[in-house]
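Position in the sequence shown (from 1) plus 18 gives the number in this note's numbering.
Cβ atoms here follow ideal geometry from the backbone N, Cα and C, with glycine treated the same way.
Note that the structure is predicted; figures quoted are calculated from it, not measured.
In what follows, a structure is listed as structure tokens, so that the remarks can point back to it.
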Amino acid sequence: MLPAVNKANYLAGYPVVMVEQVQRLIEQDRLARVLLHKYPGMHTVRTDKTLYEYVMKIKEMHLRNAGQLDKVVFDAKLHVVRNALGMHSSKSMVQGARLRNRCEIRISSLFRWMPLDFLRMIVVHELAHIREREHGKSFYQLCSHMEPAYHQLEFDLRVYLTYLETGGLPLWKAG
């Protein structure tokens, strides 16, 4: 039997009924099957180059005028060091007489082996930070505009991360 869900972690803030339902699925060893049924295929975005191309397609579709994106990479240290799944950073640099803004997105390398929907959710989240720095109402409206199922995907991702934290196998191994 797997350990209990750590309610103070990924599922904090969600209704107790939902957290208990996740707990039951984990205890019954059914959560992987439920997630695999809902998200059956893994994506093929494995390299930094293909990740950059994937992010740029989404950016061009929804944030055409948001400025240049200089770098998009998978980051193996991100989850451990910053306790984050993605990170958007922007820094101003002086180049000669001009001030240039460098913008980059780092995505936890955990997403190399997740369903495409989860990768899209974290990419949308980080792209939204280009326009909206803070997690406020307009930030989440922008996320939902770029990905209408954003809130469901965020919850399902949190459920999956909780499952992994309790010792569950990654979906690509569980299937």
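Give a yes or no on whether the C-beta atoms belonging to residue i and residue j are separated by under 8 Å.
i, j, result
"S156", "E150", "yes"
"I148", "G104", "no"
"F206", "I125", "No statement about residue 206 is possible, as the shown extent of the chain runs from 19 to 193 and does not include it."
"L96", "M139", "no"
"L29", "V40", "yes"
"H61", "L134", "yes"
"K75", "L87", "no"
"V141", "Y168", "no"
"G186", "A50", "yes"
"N27", "E183", "yes"
"R57", "V63", "First, the residue type needs correcting, since residue 57 is Tyr and not Arg in the sequence shown. Cβ distance not < 8 Å, so Y57 and V63 don't count as in contact."
Could you name the residues that DSSP lists as bridge partners for residue i?
i, result
"M60", "P133"
How would you write the range of the alpha helix (DSSP H) that residue i sits in, first residue to last?
i, result
"E183", "Y168 to E183"
"R151", "Unbroken run through R151: none, as it is neither H nor E."
"Q39", "V34 to E45"
"L29", "Note, L29: premise wrong, no alpha helix (DSSP H); not H, not E."
"L189", "L189 to A192"
DSSP on residue i, reduced to helix/strand/coil?
i, result
"T65", "coil"
"L81", "coil"
"R48", "coil"
"E71", "helix"
"E144", "helix"
"V99", "Confidence at V99 is low in this model, with a pLDDT of 44, below 50, so its placement is unreliable and the value that follows should be read with caution. The answer is helix: DSSP assigns V99 an H, G or I state."
"Q159", "helix"
Got a sec: does the ligand FAD put a non-hydrogen atom nearer than 7 Å to the Cβ of residue i?
i, result
"G59", "No copy of the ligand FAD appears in this structure; indeed no ligand is present at all."
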